[in-house]
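Trainee: Before we start, here is the structure in question, set down as structure tokens.
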Amino acid sequence: MPIRYEQGRAVFDAACTVEEAVPLTEWLEATPGSAVDLSRCTALHTALLQALLAANATLAVEPEDAFLRRWVAPLLGGAMVGRQT
Amino acid sequence: MNPLFEQFIIESRELLEAAGSALLRLEREPAEPGAVNDLFRALHTLKGATGLFDMPAFTRLVHAGEDALMAVRNGRLALTPDLADVLFRLLDQCAHWVDRLEAEEVMPEGADADSRRLEEALRTHLGEGGASGEATALDETFAWAGQLTGAERQALAAGLRPGVALTAVAYDPAPDCFFTGDDPLDFCRRIPDLLVLRIEPVGPWPDLASFDPYACALRFRALSAAPKSTVEAVFRTVPDQVRIASLPQEALPASLRAKPASPAPRAQGQTMAPASADPAALVPAILREQVRILSLGGSADEIATRRASVARVAGNILAALGRAGEHAALEAALAESEAAGDSGPLARHIAGLAEGVSAGASAPLRPAEAGPDGGAEAGTGSEGRAGRRALRVDPERMDRMMALVGEMVVAKSRLPHLARLAGETRGDGLAQGIREAYARIDGITGELQDAVLRLRMLPVSRVFDPLPRLVRELSRRLGKPVDLTLSGGETEADKDILDVLNEPLLHLVRNSLDHGIEPPERRQAAGKPETGTIRLAAFQDRDGVVIEIADDGAGIDADAVRRKAVDQRLIEPDRAAGLSDEQALQLIFLPGLSTSAQVSELSGRGVGMDAVRASVEQAGGRVEIASTPGQGTSIRLVLPLTMMITRVLVVETAGEPFGFPVTQVRAMRRVPLEEIRSLKHAESFVHEDSVLPLYRLRRLLNLPGDEGAGHRAESVLVAELGGQRVGLVVDGFRERTDVVLKPLTGVLSRLRGFAGTAVLGDGRLLLVVNLRELL
Amino acid sequence: MSETLVPVRVLVVDDAVTVRAYTRQVLTADGFAVEEAVNGIEGLERALAHPPDLLIVDINMVKMDGYTMLRVLRQEPSLRNVPAMMISTEAKDSDREQALLAGANWYFVKPVRPDALTAAARLLTGRLLVVPASGGDA
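Residue numbers (the working numbering), protein chains in the order written: chain A, 102 to 186; chain B, 10 to 784; chain C, 37 to 174.
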């Protein structure tokens with residue numbers, strides 16, 4: 102399961118595809134002030150990114166993926182916590 | 010090679026030859042107007058041809074030559090041997106590019122710089138000076154590259170190699186690009202030597218509730234240190250959505266901040282400029298243009314001719330939108346204009362049409378939404394005129410047609426997969442071609458499905474119509490004066506749905522009169538008007554058709570319902586006591602519970618609320634009830650628009666997809682394990698302050714394995730059945746989708762717990778669950 | 037149904053071979069029957085001989101330009117109401133107005149995107165317009 106939903110937090114794992122867009126949007130809608138953990142996300146579909154941006158979701162844990170960390174993470178506000186690796 | 014491209018190579022050689030000989034003649038006889046005209050025309054035609062392909066440097070250079078020749082023709086500029094020299098070099102450069110294009114199909118590296126040098130030379134002759142040189146290359150599309158943030162500048166400085174040009178990318182993905190399998194962010198990930206990437210929303214973000222996750226709302230701006238051709242390769246499947254340009258490094262910091270003050274450079278760097286990007290926007294645009302045409306001056310004859318062509322165009326547009334039925338009104342406006350010799354009435358009519366389509370909801374072009382169809386039987390034949398005759402169609406034929414549409418939906422869904430394969434294995438335009446074909450077939454299938462469904466749609470007034478008579482009779486018999494108001498009768502629903510609605514609606518109205526509305530003297534005592542009110546309203550919402558029946562009667566006493574249910578041993582006393590009033594109200598849906606003290610002559614004929622609920626649920630809908638003692642009761646029937654197509658939420662369990670009608674889904678949740686209580690074998694959890702029973706789909710369906718050890722929370726679907734909510738543990742949630750439900754046949758027909766099967770877009774078989782049968 | 041089995045005929049008048057080929061390719065792929073003429077005079081002759089359902093006319097042509105051609109054509113009773121589209125590289129509003137004055141119903145700036153071209157051709161000829169679904173359904 103590429104995205105796991107925990108209390109107030111969505112945990113992205115591996116390649117997250119467009120299929121997740123609707124459940125993610127619904128979860129975001131139902132979970133104001135939600136945060137995302139992108140640490141293990143290796144690919145984030147545009148549809149998911151725009152849902153996160155539209156919901157103004159904050160980043161709970163930074164992605165390890167270099168592309169996502171450099172270009173996507175700064176778009177998501179919030180206290181960034183680097184993952185201990 | 011693409012035949013069009015081949016054609017281009019041949020034609021441009023001819024044009025360059027013609028231009029060359031014209032230039033020779035012009036140099037020999039500068040006074041001969043024919044030569045300059047021939048030369049100008051050759052370049053003009055060449056410019057039009059280059060514009061069809063992505064070769065901005067070529068187009069720009071030809072355009073610059075054309076500008077210079079225009080000046081020569083107007084006598085603003087003399088053809089000096091120097092200028093002729095530059096023009097010859099220009100023609101040589103173009104010929105060189107054509108040779109390279111023939112061999113490699115892409116413009117050679119450095120074409121931008123070559124073009125710019127010659128443009129510069131021409132501009133010197135035109136006396137425009139050289140200052141705006143680089144600025145021309147950077148039309149507004151790339152203006153952002155001149156306004157980089159500090160961090161972006163730093164990144165740029167760190168990544169730049171001396172002497173290497175930068176490549177700028179402006180990528181505006183089509184809103185529907187996800188459907189064709191594009192992932193714009195992934196394209197950007199593949200840009201080599203990426204130095205700057207900006208991801209921006211196209212517009213302000215809407216409310217999440219109205220946010221469409223499947224419509225791409227982001228655009229991308231990027232700078233790369235890789236050569237233009239390499240970057241172009243990444244985007245080769247979306248050439249119409251991206252613009253890529255080479256920027257000389259020296260153009261970056263200084264000159265970019267100083268915006269060109271000199272004569273505004275034309276937007277000539279653009280290629281494949283979307284003259285009118287959105288075909289949907291064309292309708293109001295063309296209609297408005299017709300209004301403008303009618304306002305132009307001229308002789309009476311010219312004006313009458315324009316009216317004729319404008320009226321024909323407007324009529325054609327209506328036909329193209331599937332609104333030929335509105336033709337008569339247009340004809341009338343034209344006749345009025347002809348009679349008065351004044352284009353005003355026609356212009357106003359067309360302006361109204363333009364207004365209508367641009368004000369129309371989300372998709373103004375889809376005829377289904379656009380056409381206010383008078384609600385005639387058997388729908389929207391586009392040849393329809395006022396007073397047309399209804400056509401009776403055998404429902405079975407219609408069902409077969411619908412089934413075929415369903416098959417087509419499934420068949421077409423293989424195309425994106427093929428496009429992906431083609432994209433991976435071959436470099437030509439096949440993938441793009443398949444995507445385009447898919448988009449068209451997808452659109453047509455959607456329209457077709459809609460058109461067939463619409464054939465089956467009838468206005469709700471069909472079931473409302475008998476009610477006033479019924480209410481009048483009952484109200485006299487019971488001695489209770491009542492006002493019945495009906496609204497939304499024009500709301501349309503599938504014929505099958507209306508058939509399902511008929512009986513429950515009669516029952517609910519009878520109930521309201523019999524048990525809801527108090528006798529006049531009691532109403533008076535309660536300070537209410539003697540005449541009671543029953544309101545019926547029909548409307549459409551996200552889930553389907555909603556019918557509301559509200560009265561201002563006595564309401565339902567939740568305590569009485571509790572007592573009754575306990576008396577009739579339908580529920581344990583302590584459980585009844587634990588129910589909130591809202592939950593207690595739901596008990597009236599239990600079989601065998603009748604709330605009125607004595608079975609009345611009118612309502613007590615065995616059709617209880619349980620029967621209402623059962624028939625509504627069978628049609629894939631649900632019933633909601635709300636009541637305030639002393640103030641009245643309101644009951645809502647929520648039904649899908651059609652029974653042919655069911656909107657389902659797909660969940661995954663044990664590796665298989667299962668569908669639930671969305672009308673029954675109330676929520677999707679992740680419930681942490683520690684919040685799941687288990688008592689003996691029964692599990693429960695708290696949802697919105699209520700304790701709900703929790704079932705596991707695997708167990709209900711006897712599927713192997715469990716939901717998997719080690720995770721900390723379960724995916725729980727909260728479903729509602731007759732006012733009772735239950736939780737259902739599934740492995741994961743997937744998309745929502747419309748499916749054509751087929752009844753179970755053959756071996757499958759013995760399975761309990763399924764409403765039917767459907768085929769998903771990826772070809773997998775989906776079993777749609779009938780929860781009531783399972784629990 | 038307005039989608040007829042008789043193909044809708046479009047006459048493309050342009051002196052640039054590549055542009056004609058492009059227009060033909062795009063419109064034929066969408067089911068239009070395309071005829072070509074290389075200048076205004078030939079365009080007039082063809083239109084008179086067999087009135088098309090739509091004219092697509094370039095402005096700059098040797099031997100009678102697009103404006104002149106449309107003006108003459110609008111005086112013919114059989115051609116006065118044939119929908120006409122002009123296509124040119126000029127984006128100025130004055131050029132657009134010139135085209136409308138000459139008798140055009142619509143004006144496109146080159147190059148025209150294929151989807152815009154077919155959508156406009158369908159609208160101007162009354163062929164059912166089909167738009168790719170853009171709804172939120174998977």
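Just so you know, even glycine gets a beta-carbon here, dropped at the ideal spot from N, CA and C.
This one's a predicted model, so the numbers in the text were calculated from it and none came from an experiment.
1. Where are the beta strand (DSSP E) runs, 3 residues long or more, that stay fully inside the stretch 50–134 of chain C, in chain order?
2. Check whether the Cβ atoms of B/Thr642 and B/Ala559 lie closer than 9 Å to each other.
3. In chain B, what lies closer than 7 Å to A/Thr130 by C-beta?
4. Kindly list, in the order they appear in chain C, the residues whose Cβ is closer than 8 Å to that of B/Val247.
5. Which residues in the same chain as C/Glu126 place their Cβ atom closer than 8 Å to its Cβ, once the five residues preceding and following it in sequence are excluded?
6. When you compare only the Cα positions, how much space is there between B/Val654 and B/Val748?
7. For C/Ala140, I'd like the list of residues in its chain whose CB is within less than 7 Å of its CB, leaving aside the five on either flank, ordered along the chain.
8. Can you tell me the Cβ-Cβ gap for B/Ser124 and B/Leu48, rounded? I've got them flagged as a contact below 8 Å.
9. Of all Cβ atoms in chain B, is any one closer than 9 Å to the Cβ of C/Pro88?
10. Use the C-beta contact count for B/Arg486: other C-beta atoms within 10 angstroms, 16 or more gives buried, fewer gives exposed.
11. Indicate whether B/Leu13 and C/Gln134 have their beta-carbon atoms separated by less than 9 Å.
12. Could you run through the stretch 222–241 of chain B and flag, in chain order, every residue whose CB is less than 8 Å away from some CB of chain A?
13. Mind listing which residues of the stretch 53–80 of chain C have their C-beta closer than 8 Å to chain B's C-betas, in chain order?
14. Check whether the stretch 465–484 of chain B touches the stretch 425–445 of chain B, counting contact only when three or more Cβ pairs, one atom from each stretch, lie closer than 8 Å.
15. Just to confirm the assignment, what range does the beta strand (DSSP E) spanning B/Ala177 have?
16. Using a cut-off of 7 Å between C-beta atoms, extract the partners of B/Pro210 located in chain A.
17. Going by the C-beta, is C/Ala157 closer than 8 Å to any heavy atom of the ligand ADP?
18. Throw me the rounded Cβ distance for the B/Val671 and B/Val739 pair, which I believe falls under 8 Å.
19. Counting only Cβ pairs nearer than 7 Å, list the residues of chain C close to B/Val322.
20. Quick check for students: name the residue ranges of the beta strand (DSSP E) that lie wholly in the stretch 427–489 of chain B, counting only runs of 3 or more.
21. If we ignore side chains and look at the alpha-carbon of each, how far apart do B/Asp503 and B/Leu462 end up?
22. Could you tell me whether any Cβ in chain C is nearer than 9 Å to the Cβ of B/Asn325?
23. Buried or exposed, going by whether 16 or more other CB atoms sit within 10 Å of the CB of A/Phe168?
24. Note down the Cα distance separating A/Ala115 from A/Leu177, rounded to an integer number of angstroms.
25. Taking three-plus beta-carbon pairs below 8 Å as touching, is the stretch 484–498 of chain B in contact with the stretch 227–244 of chain B?
26. Exposed or buried, what is B/Glu782 when buried is set at 16 or more other beta-carbons lying within 10 Å of its beta-carbon?
27. Compare the C-beta of A/Leu85 against all C-beta atoms of chain B and say whether one is closer than 9 Å.
28. Kindly indicate the opening and closing residues of the beta strand (DSSP E) around A/Thr159.
29. Under 8 Å by Cβ, that's how I've got B/Val777 and B/Val657 pegged, so tell me the actual separation to the nearest angstrom.
30. On the three-state DSSP scale, how would you describe B/Phe196?
31. Just by C-beta distance, which residues in the stretch 326–340 of chain B are closer than 9 Å to chain C?
32. Is there contact here, the stretch 26–44 of chain B with the stretch 152–162 of chain A, by at least three beta-carbon pairs under 8 Å?
33. Please check the pair B/Arg301 and B/Ser352, which I expect to be a contact at CB under 8 Å, by giving their CB distance rounded to whole angstroms.
34. Under 8 Å Cβ to Cβ from B/Asp76, same chain only, skipping five residues before and after it: list those, please.
35. Residues of chain C with CB under 8 Å from B/Glu298, in chain order?
36. Tell me which residues share the same chain as B/Ser609 and place their Cβ nearer than 6 Å to its Cβ, disregarding the 5 neighbours each side in the sequence.
Mentor: For this structure:
1. 69–73, 90–94, 120–124
2. yes
3. Looking at the sequence provided, one finds Glu at residue 130 of chain A rather than Thr. The answer, in chain order, is Leu217, Ala218.
4. Within chain C, no residue comes near B/Val247; the closest Cβ sits about 13 Å away, beyond 8 Å.
5. Shown here for C/Glu126: same chain residues with a beta carbon closer than 8 Å to its own, the five before and five after excluded, namely Ile95, Val145 in chain order.
6. For the sequence presented, residue 654 of chain B should be read as Ile rather than Val. Approximately 5 Å, taken between the alpha carbons.
7. Leu106, Ala120, Met121, Met122
8. With a Cβ gap of about 19 Å, B/Ser124 and B/Leu48 do not count as contacting.
9. no
10. exposed
11. no
12. Pro222, Tyr223, Cys225, Ala226, Leu227
13. Val53, Thr54, Val55, Ala57, Tyr58, Gln61
14. no
15. 175–180
16. Leu154
17. Of ligands this structure carries none, so the ligand ADP is not represented either.
18. No, B/Val671 and B/Val739 are not in contact; Cβ-Cβ is about 15 Å, not under 8 Å.
19. Pro119, Asn141, Leu160
20. Listed in chain order, the complete beta strand (DSSP E) runs (minimum 3 residues) inside the stretch 427–489 of chain B are 466–468.
21. One Cα belongs to B/Asp503, the other to B/Leu462, and the distance between them is close to 8 Å.
22. Chain C, which has a Cβ nearer than 9 Å to the Cβ of B/Asn325, makes this yes.
23. buried
24. Rounded to the nearest angstrom, the two C-alpha atoms are 19 Å apart.
25. no
26. exposed
27. In the structure displayed, chain A extends from 102 to 186; residue 85 of chain A sits before or after that span and is not available.
28. 159–162
29. 6 Å
30. In this structure, B/Phe196 counts as helix in the three-state DSSP scheme.
31. Ile326, Leu327, Ala328, Ala329, Leu330, Gly331, Ala333
32. no
33. So it is not a contact: roughly 11 Å between Cβ atoms.
34. Leu131, Leu135
35. Leu136, Asn141, Trp142, Tyr143
36. With a pLDDT of 44 at B/Ser609, under the threshold of 50, the modelled position of this residue cannot be trusted; read the value that follows with caution. Asp523.
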